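First to last, the sequence lines map onto chains A and B.
Using UniProt numbering, read the first sequence as starting at 1 and increasing by one per residue.
Using UniProt numbering, read the second sequence as starting at 1 and increasing by one per residue.
Quick notes on the structure that follows.
Number of protein chains: 2
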Amino acid sequence: MDVKIIDVAAIAGVSPATVSRVINQHSKVSTKTKDKVMRAIEQLGYHPNAAAKNLRSQRTMTIGVIVPDINNSYYAEIIKGIENIAYARHYKVIICDAHNLKEREVDYLNLLLDRTIDGVIIITPMLADEELFQLADKGYRIGIVGKYIEHDQIPCIYTDNVKFSQEVVQHLVEAGHRNIVFLNGYPEAIDSYERLEGYLKALRNHQIPFRPELIENGNFNEEGGYEAIKRLFNKGLSFSAVYAANDEMALGVYKACTEYGIRIPEQLAIVGVDNNRISKYIHPTLSSVNQPKYTMGAILMEKMIDTMNTNEFQDKRVFKVDSELLVRASSSFKITT
Amino acid sequence: MDVKIIDVAAIAGVSPATVSRVINQHSKVSTKTKDKVMRAIEQLGYHPNAAAKNLRSQRTMTIGVIVPDINNSYYAEIIKGIENIAYARHYKVIICDAHNLKEREVDYLNLLLDRTIDGVIIITPMLADEELFQLADKGYRIGIVGKYIEHDQIPCIYTDNVKFSQEVVQHLVEAGHRNIVFLNGYPEAIDSYERLEGYLKALRNHQIPFRPELIENGNFNEEGGYEAIKRLFNKGLSFSAVYAANDEMALGVYKACTEYGIRIPEQLAIVGVDNNRISKYIHPTLSSVNQPKYTMGAILMEKMIDTMNTNEFQDKRVFKVDSELLVRASSSFKITT
DNA sequence: ATGAAAGCGCTAACAC
DNA sequence: GTGTTAGCGCTTTCAT
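Structural data, given as structure tokens:
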């Protein structure tokens, strides 16, 4: 832009300071001068220069969002929640696709250090908690979606993996299953071990003996789920149900079943997690756990903005939201022993 | 950050200008001083302040991307291409979800005016070409994905809707269909009328009479496709195939077929566009046109960055990429008359 | 209620 | 090859 605050000031016959006050609603301006200034702004088509503003005010009104994979509808929905609140509060969102790479996560975190962004929301971080703590301790604003964090400066929102996992297993047990495979993601991921924990707890509650050979790793993706279940099939193990730690892996199980001629749900029941849109369309429809993704993004963003503005956690820091098991065809067959 | 360029300069025993030169690889620095400076930077943990840099250099190294809906895998894939190039070229990407609202598109475009971003890529813009021209004429950098634009300062990339539409219809005709429904999106959308144009051309080529009553609008979404095809069913019109201008609407057709007990593809053949991931999973699998989404995003971003840096279109401005019809089960039944 | 003036931290033009 | 200096355009004391 060529026109700057001093030009507006000249036209309006006031000082740049006054123009600034008008723009930033600094109350202490008479209605008359405010009008003059507004007219001048209008007339010149003045737009405040963001960089100058940022430099002077030491904030950018921009939040970074580090997401493992933007083209995964699970994350996209969370981003949608974040973005929507951002828009309403006049914040901008810089999207950072980490491609599931820790290195990229770190790279993007550096935007904090050079003040490109005022804060960052990390969705299911790969970074160790310790590393996040260090940044927070230095005063950088961080928020976490999808994981509980033990640091009083880091707001976080997550869902109770253990709880819904127990519900999944209970549902399967009630349908008559006692030999239930658990397909987990990468073992380091919080979502993996918490879901595993729920699985184990539920087995215990129902006095079903734990068979470690029924646990397999599928890396949270379709191919991984496909390979994992094939390993189990090939070992000749007996089981009548699969609880996959996400829908992608469940999709892999479908594929393997087609190849092996195994009927779902009569011969094998399947339950996934995420309520991926595909789960409603695939045949048979896939039972899955639905998480309030949009809400998680929205709530955390709201909290981030609030704490950045007040510099205080006036109340809640940790948000735990409930997920819900949606029973569909893939697990709707009762077996009798 | 508390440490600034002058602090580094002091420690290294040089001037701030030299430090700046080192940071920005301004060659004309002796290896010795460069080393000293690097050490000082390291030692102090110095990070250049982005706002100051932006203000001084009049650029933000940030590109805005205005997308109709981020939680649509079609767009998400394009963004992925954009984002990946941005990362490689050290650009940041501000994501702007227009929620299919022209008003929000305009809002986000304003980021250009206050120099928050150096340029903006609009994916299938709602804004009239004229309005885009005006911005470009004022020197703002704009790029378009998914539409041809007639302005020598606006790079654009798009796919040949007319061409692949003809292929779709030809495929259907070869399978014996002569009464083919065309489900289009909102009529104003370029993708709608170009696909319609291809449909009409193909009919002409095959000397099939055009029946206007076989054209219905489905607004590019599942619900719209569902309603549209129901209107046709209810009118008692005869047709044996549906060409839906996108997969979402095709999904709606599936739903209606289930309700009406119509078998796909024996009683009704269906072809969509976008190669939505669901098309591979739904039963029967949906024939669809695959667009090189990722590539479109990547190529355009590359072009944007190049032109922003050289201030010139050294060569190509318009990119036309090919799409490909993927024939699946939903249209794999030959009928004989 | 308003104005004057001092920077925010950096880069680039000009010296040397 | 390196230093000096003058801003980039804005906000914010401190006066008045």
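Where is the CB? At the ideal position from N, CA and C, for every residue including glycine.
Since we're looking at a predicted model, the values are computed, not measured.
Against chain B, does Val93 of chain A count as a neighbour if the rule is that its beta carbon must be under 8 Å from one of theirs?
Under the Cβ distance rule, Val93 of chain A counts among the residues neighbouring chain B, one pair being separated by less than 8 Å.
So which residues on chain A does Glu174 of chain B lean against when the C-beta distance must stay under 9 Å?
Correct list: empty, because the minimum Cβ distance to chain A is about 28 Å.
Establish whether the CB of Arg277 of chain A and some CB of chain B are separated by less than 8 Å.
Look at Arg277 of chain A: its C-beta is under 8 Å from a C-beta on chain B.
Less than 8 Å between the beta carbons of Ala244 of chain A and Leu183 of chain A, yes or no?
For Ala244 of chain A and Leu183 of chain A, yes; Cβs fall inside 8 Å.
Measuring CB to CB, does Val120 of chain A end up less than 8 Å from Gly45 of chain A?
Using a Cβ distance threshold of 8 Å, Val120 of chain A and Gly45 of chain A do not count as a contacting pair.
Quick one: which unbroken alpha helix (DSSP H) runs of 4-plus residues sit fully inside the segment 3-65 of chain A? Chain order, please.
Listed in chain order, they are 5-12, 16-23, 31-44, 50-57.
Three CB pairs or more closer than 8 Å across the segment 91-102 of chain A and the segment 20-37 of chain B
Fewer than three beta-carbon pairs drawn from the segment 91-102 of chain A and the segment 20-37 of chain B are found closer than 8 Å, and the two stretches are therefore not classed as touching.
For chain B, is any of its Cβ atoms less than 8 Å away from the one on Thr124 of chain A?
It does not; no Cβ of chain B falls within 8 Å.
The segment 255-286 of chain B: which residues have C-beta closer than 8 Å to a C-beta of chain A, in chain order?
Listed by position, the residues of the segment 255-286 of chain B near chain A (Cβ gap below 8 Å) are Arg277, Ile278, Tyr281, Ile282, His283.
The alpha helix (DSSP H) with Leu200 of chain A in it runs from where to where?
First-last of the alpha helix (DSSP H) with Leu200 of chain A: 190-205.
Anything in the UniProt domain "HTH lacI-type" (3-57) of chain B with a Cβ closer than 7 Å to a Cβ of chain A? List those residues in chain order, please.
Contact residues of the UniProt domain "HTH lacI-type" (3-57) of chain B toward chain A are His47, Pro48, Asn49, Ala50, Ala51, Ala52, Asn54, Leu55 (C-beta to C-beta distance below 7 Å).
Roughly how many angstroms separate the alpha carbons of Asp274 of chain A and Tyr74 of chain A, rounded to a whole number?
In this structure, the alpha-carbon of Asp274 of chain A lies about 7 Å from that of Tyr74 of chain A.
What's the call for Gln166 of chain B, buried or exposed, on a 16-neighbour Cβ count within 10 Å?
Buried.
Backbone secondary structure at Tyr91 of chain B - three-state DSSP
Correct three-state label for Tyr91 of chain B: coil.
Determine, using beta carbons only, whether Asn24 of chain B and Pro68 of chain B come nearer to each other than 8 Å.
Cβ atoms of Asn24 of chain B and Pro68 of chain B: not closer than 8 Å.
Could you confirm whether any beta carbon from chain A is found closer than 8 Å to the beta carbon of Asp97 of chain B?
Any Cβ of chain A closer than 8 Å to the Cβ of Asp97 of chain B would place that residue at the interface, and such an atom is present.
In chain B, which residues lie with their C-beta within 7 Å of the C-beta of Asp247 of chain A?
Near Asp247 of chain A there are no residues of chain B at all, since even the closest Cβ is about 11 Å away, more than 7 Å.
Is it buried or exposed, Glu222 of chain A, if we count other Cβ atoms within 10 angstroms and call 16 or more buried?
Residue burial annotation: Glu222 of chain A is buried, with at least 16 other C-beta atoms found within 10 angstroms of its C-beta.
Range of the contiguous alpha helix (DSSP H) that encloses Thr307 of chain B
Taken as a continuous stretch (DSSP letters only), the alpha helix (DSSP H) holding Thr307 of chain B covers 293-310.
Based on Cα-Cα distance, which residue from A:Ser331, A:Cys156, A:His177 lies nearest to Ala269 of chain A?
Checking every option, the nearest Cα to that of Ala269 of chain A belongs to A:Ser331.
Would you check if the distance between the CB atom of Asn71 of chain B and the CB atom of Ala76 of chain A is smaller than 8 Å?
The beta carbons of Asn71 of chain B and Ala76 of chain A sit closer together than 8 Å.
Let me check understanding here. Comparing Cα to Cα, which of B:Gly143, B:Glu130, B:Ala17 lies closest to Lys316 of chain B?
Of the candidates B:Gly143, B:Glu130, B:Ala17, the residue whose Cα lies closest to the Cα of Lys316 of chain B is B:Gly143.
In the DSSP assignment, find the beta strand (DSSP E) that holds Phe182 of chain A and state where it starts and stops.
Here the beta strand (DSSP E) through Phe182 of chain A covers 180-184.
Inter-residue CB distance, Asp129 of chain B and Ile149 of chain B (contact presumed, cutoff 8 Å)
With a Cβ gap of about 6 Å, Asp129 of chain B and Ile149 of chain B count as contacting.
Check whether Val8 of chain B and Val37 of chain B have beta carbons under 8 Å apart
Result yes, Cβ atoms of Val8 of chain B and Val37 of chain B sit closer than 8 Å.
Tell me, to the nearest whole angstrom, how far the beta carbon of Val181 of chain B is from that of Glu216 of chain B; I am working on the premise that it is less than 8 Å.
Rounded to the nearest angstrom, the Cβ distance from Val181 of chain B to Glu216 of chain B is 7 Å, consistent with a contact under 8 Å.
Apart from the five residues just before and just after His206 of chain B, which ones in its own chain have a Cβ nearer than 6 Å to its Cβ?
Within the same chain, His206 of chain B has close Cβ partners Val173.
Does DSSP put Ser287 of chain A in a helix, in a strand, or in coil?
Strand at Ser287 of chain A.
Below-8 Å beta-carbon distance, Asp137 of chain A vs any chain B residue:
Asp137 of chain A does not count as touching chain B.
With a threshold of 8 Å between beta-carbons, can Ala88 of chain A be considered close to chain B, or not?
False, the Cβ-Cβ gap to chain B never drops below 8 Å.
Phe220 of chain A: buried (16+ other C-beta within 10 angstroms of its C-beta) or exposed?
With 16 or more Cβ atoms within 10 Å of its Cβ, Phe220 of chain A is classed as buried.
Member of B:Arg277, B:Tyr199, B:Glu131, B:Pro209 whose CA lies at the smallest distance from the CA of Val242 of chain B:
It is B:Tyr199 whose Cα lies nearest to the Cα of Val242 of chain B.
Can you name the residues of chain B whose CB is closer than 8 Å to the CB of Lys80 of chain A?
Here the neighbours are Ile70, Asn71, Asp97.
In the structure shown, what three-state DSSP assignment does Ala244 of chain B receive?
Looking at Ala244 of chain B - three-state DSSP - the assignment turns out to be strand.
Listed from N- to C-terminal order along the chain, which residues in the segment 166-192 of chain A have their beta-carbon within a distance smaller than 8 Å of any beta-carbon of chain B?
Using a CB distance below 8 Å, no part of the segment 166-192 of chain A faces chain B.
Keeping to the same chain, check which residues put their C-beta closer than 7 Å to that of Val321 of chain A; ignore five residues upstream and five downstream.
Only Ile157, Thr159, Pro292, Thr295, Met296 meet the Cβ criterion.
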